[in-house]
Amino acid sequence: MQNHQRLQRLSGVLYWVALVLSVLLPIIVLVYAGQGVSDPASLLSRAPLVPAGTPVTTTQAGLVAAVALISVLPMVAALRGMVRLFAAYRDGEVLSVGNAETILRIGRNFLMVAAFTVLVPTLQVLILSWRAGQRMLSIGLDQGTLGFLLAAGLLTVIGWAMREAAAVKAENEGFV
Amino acid sequence: MPPLPQIVVRLDVMLARRKMRSRELAERIGITEQNLSLLKSGKVKGIRFDTLAAICAVLECQPGDILEAVAEG
């Protein structure tokens, strides 16, 4: 019972955090993308691998912005999933098939976030260095990416376990 | 494997014999009247041993007096 109350209380707080982030994140990326398009040369400061002085056209800046905007979609989808999950937990609905499916969806979105963390900088460097004398392809795997991969795996396993638990609960409810 | 018999709940019969109302039984064994009604109509997947034991204790009977296996067909 105490766990249930704690779960509802913390979920009530996390619901608002996830909701605010799900709104703020696309806005922040949109602002950065807009800055990049209006001042293409400024993109080079955020891509240290591309040689300084490399000419950047508006088209290139637009492509980099488009890639950034697309790459934020899985994270926004994951945050929207968290909003739904925390709302259900806050309202006392803990063990349900719907929540298990939401956890699995969040896990899948985290997997896409991890993939985009590797692919997006690679693609952006390639776009920015397209007109340079030498095109560059840079692939990096950092701790953050590994963390997202692990979180995605963990959420997938928890989602499957929750699905089992929800089925057991449904079965148990048929007994008096 | 032979066809499985259907388990029929004969709680109504025992309640009539003991001249007890469903509401009283539900209160004494600590389940809701709604759940007892579902049990009486056989619309449950199963009955827990502790519920069965409580019913037997209150109605002073054996599980076999409440549950009966009836061949289907």
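Chains as they are written, first to last, in our numbering: chain Y, 1 to 176; chain E, 177 to 249.
C-beta: ideal position from N, C-alpha, C; glycine also.
Small disclaimer: the values here were computed from a predicted structure and weren't measured.
> Given a threshold of 16 other Cβ atoms within 10 Å of its Cβ, counted over all protein chains shown, does Gln-60 (chain Y) qualify as buried or as exposed?
Replying inline: As a position in the first sequence, residue 60 (chain Y) is number 60, starting the count at 1. With 16 or more other Cβ atoms within 10 Å, it is buried.
> Which residues in chain Y sit within 9 angstroms of Val-220 (chain E), going by Cβ to Cβ distance?
Replying inline: If you number the second sequence from 1, residue 220 (chain E) lands on position 44. Near Val-220 (chain E) (Cβ distances below 9 angstroms), the residues of chain Y are Gly-174, Phe-175, Val-176.
> When Cβ atoms are compared, which residues of the region 188 to 209 of chain E fall closer than 8 angstroms to chain Y?
Replying inline: Ile-207
> So, is the C-beta of Leu-180 (chain E) closer than 9 angstroms to a C-beta in chain Y?
Replying inline: Within the second sequence, numbered from 1, the residue matching residue 180 (chain E) stands at position 4. It does not: the Cβ of Leu-180 (chain E) has no partner Cβ on chain Y nearer than 9 angstroms.
> Three-state secondary structure (DSSP) at Gly-62 (chain Y)?
Replying inline: Looking up residue 62 (chain Y) in the first sequence gives position 62. Of the three classes helix, strand and coil, the one that applies to Gly-62 (chain Y) here is helix, per DSSP.
> Three-state secondary structure (DSSP) at Gln-182 (chain E)?
Replying inline: Residue 182 (chain E) sits at position 6 when you count from the first residue of the second sequence. In this structure, Gln-182 (chain E) counts as strand in the three-state DSSP scheme.
> In whole angstroms, what is the alpha-carbon distance linking Glu-248 (chain E) and Ala-161 (chain Y)?
Replying inline: Position 72 of the second sequence, counted from the start, is the residue given in the question as residue 248 (chain E). Position 161 of the first sequence, counted from the start, is the residue given in the question as residue 161 (chain Y). Distance between the alpha carbons of Glu-248 (chain E) and Ala-161 (chain Y) is about 37 angstroms.
>> Measuring straight from C-alpha to C-alpha, what distance separates Met-177 (chain E) and Val-184 (chain E)?
In response: Position 1 of the second sequence, counted from the start, is the residue given in the question as residue 177 (chain E). Position 8 of the second sequence, counted from the start, is the residue given in the question as residue 184 (chain E). Going by the C-alpha atoms only, they are around 21 angstroms apart.
> Leu-222 (chain E) by DSSP, collapsed to three states: which one?
Replying inline: Stepping through the second sequence from its first residue, residue 222 (chain E) is reached at position 46. Checking the sequence, you will find Gly at residue 222 (chain E) rather than Leu. Note: Gly-222 (chain E) maps to strand in three-state DSSP.
>> On the CB-based measure, 16 or more other CB atoms within 10 Å of its CB, does Ser-11 (chain Y) come out buried or exposed?
In response: As a working mapping, residue 11 (chain Y) is identified with position 11 in the first sequence. Label assigned to Ser-11 (chain Y): buried.
>> Suppose you measure from the CA of Arg-204 (chain E) to the CA of Pro-181 (chain E); what does that come to, to the nearest Å?
In response: One-based indexing of the second sequence puts residue 204 (chain E) at position 28. One-based indexing of the second sequence puts residue 181 (chain E) at position 5. The alpha-carbon atoms of Arg-204 (chain E) and Pro-181 (chain E) are separated by roughly 31 angstroms.
>> According to DSSP, simplified to helix, strand and coil, what is Leu-119 (chain Y)?
In response: Indexing the first sequence from 1 puts residue 119 (chain Y) at position 119. Helix, per DSSP.
> What are the boundary residues of the beta strand (DSSP E) that Glu-243 (chain E) is part of?
Replying inline: Translated into positions along the second sequence, residue 243 (chain E) becomes position 67. According to the sequence displayed, residue 243 (chain E) carries Leu and not Glu. Residues 243 to 246.
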